[in-house]
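Take 3 as the starting number for the sequence shown in our numbering and just add one per residue.
Step one of this worksheet: look at the structure below.
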Amino acid sequence: LGLHLGEVAQRVVRKTKFQRPEGWINIMLISLQKNFLFIHVPKTAGSSLHHILEPYSQQNNRTLVRRLMNHLPLRQDISKAYFRQHAKCDLLQRQIAPKVFNSLHKFAAVRNPYDHMVSYYKFIQQNRQGSWYKKAQNWSFSDAVSYFEKRNNIQPVNQTSWLVDRNGEFIVDRILFFESISEDFHKLADFLELEGSHKMPHHNVTIRSDYRDYYNNDLKLRVEALYKSDFDNFGYQFDSPSPTTSPLKQV
Numbered sequence: 003l004g005l006h007l008g009e010v011a012q013r014v015v016r017k018t019k020f021q022r023p024e025g026w027i028n029i030m031l032i033s034l035q036k037n038f039l040f041i042h043v044p045k046t047a048g049s050s051l052h053h054i055l056e057p058y059s060q061q062n063n064r065t066l067v068r069r070l071m072n073h074l075p076l077r078q079d080i081s082k083a084y085f086r087q088h089a090k091c092d093l094l095q096r097q098i099a100p101k102v103f104n105s106l107h108k109f110a111a112v113r114n115p116y117d118h119m120v121s122y123y124k125f126i127q128q129n130r131q132g133s134w135y136k137k138a139q140n141w142s143f144s145d146a147v148s149y150f151e152k153r154n155n156i157q158p159v160n161q162t163s164w165l166v167d168r169n170g171e172f173i174v175d176r177i178l179f180f181e182s183i184s185e186d187f188h189k190l191a192d193f194l195e196l197e198g199s200h201k202m203p204h205h206n207v208t209i210r211s212d213y214r215d216y217y218n219n220d221l222k223l224r225v226e227a228l229y230k231s232d233f234d235n236f237g238y239q240f241d242s243p244s245p246t247t248s249p250l251k252q253v
């Protein structure tokens, strides 16, 4: 545990030295006012959702000590803790008291894995503040897939991994689909009784062509292996961007 703490501390300090631009989103959104927990899967319209949900959420309690604590599965006071923007639900379940965790309406958005991988690739190339920005300028799409294959050996990159516990059981209450995000968010907003307009803004959009233009048979197979859980759980296909099934009975 001591070694792990040291590694985490070094990682947090390195990130602290890197200054994010003003307005950068870096916190998990939890609302005690509206009783929700938004699990932010990267590149799934999360920035747009964050824009609408942030006014209802807990304040940013980000300090160096709290950032260090955030990486560990230790129980924290939800009103004082800092939770990372892209923390997975499994870790949050261990950090938040069971009574509170179970009372929150937990939701996330997912998208077609073929599209998700292309979006991630182009984001890395276009995000000037990212640590891989310079290296990624010369990447082909195959290079990006190789990067995520290596990353997958350390931690799963599939979207399902954000939504399940250590036994692979879903612990979110609702899944929004990128392909029908406006309709799905409208239902969520009605359920949470959010005030004002429920129209989805568009933030952090990557510029690129249709995801199908980036693939050959080999790349399809590699991405299908990386996202196997997503294909199994949501029924996505290459030629049709929309999901064909959901593992949850939606509220």
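Idealized CB from N, CA, C, for every residue including glycine.
Asked: Using 10 angstroms around the beta-carbon of R214, count the other beta-carbons present and answer buried if the total reaches 16, otherwise exposed.; Found: exposed
Asked: Buried or exposed: N114, going by 16 or more other Cβ atoms within 10 Å of its Cβ?; Found: buried
Asked: Have a look at N235 and E171 and give me their C-alpha separation to the nearest angstrom.; Found: 11 Å
Asked: Just tell me which of L223, F125, H107, Y135 has its CA closest to the CA of F240.; Found: L223
Asked: Taking the alpha carbon of H80 as the reference point, which residue from A89, F103, H88, Q87 has its own alpha carbon closest?; Found: One point to set straight first is that residue 80 is Ile, not His, in the sequence displayed. The shortest C-alpha separation from I80 is found at F103.
Asked: Below 6 Å CB to CB, which residues in the same chain sit around A146 once its five sequence neighbours on both sides are set aside?; Found: Y123
Asked: At 4 residues or longer, and completely inside the stretch 89 to 165: list those alpha helix (DSSP H) runs for me, N to C.; Found: 91 to 97, 100 to 105, 115 to 128, 135 to 138, 143 to 154
Asked: CA-CA distance, V67 and S211?; Found: Low per-residue confidence applies at V67: pLDDT is 48, beneath 50, and the placement is therefore not dependable enough to give any value.
Asked: With a threshold of 6 Å on Cβ separation, who are the neighbours of Y311 within its own chain once the five nearest residues in sequence on each side are excluded?; Found: Given a span of 3 to 253 for the chain in the structure shown, any question on residue 311 remains unanswerable.
Asked: Could you work out which residue in H88, Y135, S144 is closest to S46 when comparing CA atoms only?; Found: In the sequence under discussion, the amino acid at residue 46 is Thr, which differs from the Ser named in the question. For the residues H88, Y135, S144, the minimum Cα distance to T46 belongs to H88.
Asked: Taking L31 and A110 to be in contact with their CB atoms under 8 Å, please state how far apart those CB atoms are, rounded to whole angstroms.; Found: That belief does not hold up - the Cβ atoms of L31 and A110 are roughly 11 Å apart, past 8 Å.
Asked: If we ignore side chains and look at the alpha-carbon of each, how far apart do H107 and A191 end up?; Found: 12 Å
Asked: Any idea what DSSP makes of L287, helix, strand or coil?; Found: Any answer about residue 287 is impossible in this case: the structure gives the chain only from 3 up to 253.
Asked: Quick check on the burial criterion: 16 or more other C-beta atoms within 10 angstroms. Buried or exposed for Q61?; Found: exposed
Asked: Name the residue from S242, G237, D117 whose alpha carbon lies nearest to the alpha carbon of L250.; Found: G237
Asked: Could you give the distance in angstroms between the alpha-carbon of S148 and the alpha-carbon of N154?; Found: 10 Å
Asked: Less than 8 Å between the beta carbons of L51 and F193, yes or no?; Found: no
Asked: Please work out which residues of its chain come closer than 6 Å, Cβ to Cβ, to S244, disregarding the five sequence neighbours upstream and downstream, and give them in chain order.; Found: E181
Asked: If you follow the alpha helix (DSSP H) that I54 is part of, which residue opens it and which one closes it?; Found: 48 to 55
Asked: Go through its chain and collect everything with a Cβ distance to A138's Cβ below 6 Å, but skip five positions before and after it.; Found: I126, Q127
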